[in-house]
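Written below as structure tokens is the structure these notes are about.
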Amino acid sequence: GIAASFAVKLFKAWMAEKDANSVTSALRKANLDKRLLELFPANRQNVDHFAKYFTEAGLKELSDFLRVQQSLGTRKELQKELQERLSQECPIKEVVLYVKEEMKRNELPEPAVIGLLWTCIMNAVEWNKKEELVAEQALKHLK
1 GIAASFAVKL FKAWMAEKDA NSVTSALRKA NLDKRLLELF PANRQNVDHF AKYFTEAGLK
61 ELSDFLRVQQ SLGTRKELQK ELQERLSQEC PIKEVVLYVK EEMKRNELPE PAVIGLLWTC
121 IMNAVEWNKK EELVAEQALK HLK
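Printed below as a string of structure tokens:
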């Protein structure tokens, strides 16, 4: 579309003057980083199409940036849902199934999800102030 071709010309000129970091930080400051897909018609507003279009135009940095932004958004949503399920004390099997489905659907790497799970579990528990009791308390909660 016209908007996408204009954006390619704009970003190429911008990157000729400055680097990709200045473009991405300006997009973040203007809150446009989450709206880049809107450069395309509604039926083509997906990350794969964006990545292909901008990579072919020589702007791989922007397609990588959008993929990272999408991944961060997905992780935040997953963390929020996990915290909610843990606070409602949902069955562990149900939570595990949900996490595995989300990992598959969003192609999330296992190490990132493990870190996210650990953070959610640790935040879901009220920890003892005495340092020597924390290890015992952690073992009790993880069983």
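The letter at position 110 of the sequence shown is residue 110 when you use the UniProt record's numbering, and the numbering goes up by one with no holes.
For glycine and all other residues, C-beta sits at the position ideal for the given N, C-alpha and C.
Local conformation of residue i per DSSP, three classes
i: LYS93; result: helix
i: LEU32; result: coil
i: PRO109; result: coil
i: ALA26; result: helix
i: ALA124; result: coil
i: ASP64; result: helix
i: LYS12; result: helix
Identity of the residue in the options nearest residue i by Cα
i: GLY115; options: GLU56, THR55, VAL125, LEU78; result: LEU78
i: ASN43; options: VAL134, MET15, GLY1; result: GLY1
Beta-carbon proximity list for residue i, same chain, < 7 angstroms, skipping 5 on both sides
i: PHE11; result: VAL23, LEU59, LEU62
i: SER87; result: ALA124
Presumed contact (8 angstroms Cβ cut-off) between residue i and residue j, rounded CB distance
i: ALA4; j: LEU39; result: 5 angstroms
i: LEU72; j: LEU36; result: Between LEU36 and LEU72 the Cβ distance is about 14 angstroms, and since that is not below 8 angstroms, they are no contact.
i: LEU108; j: LEU82; result: That belief does not hold up - the Cβ atoms of LEU108 and LEU82 are roughly 12 angstroms apart, past 8 angstroms.
i: MET122; j: VAL113; result: Rounded, the Cβ-Cβ distance is 15 angstroms, inconsistent with contact.
Chain-order list of residues whose beta-carbon lies under 6 angstroms from that of residue i (same chain, five-residue window excluded)
i: ALA57; result: VAL8
Neighbourhood of residue i by C-beta distance below 8 angstroms, restricted to the same chain and skipping five residues each side
i: LYS76; result: none
### Query
Should the segment 49-63 be regarded as contacting the segment 93-108, the criterion being three or more beta carbon pairs within less than 8 angstroms?
As far as the Cβ criterion goes, the segment 49-63 does not touch the segment 93-108, which means the pair count is below three.
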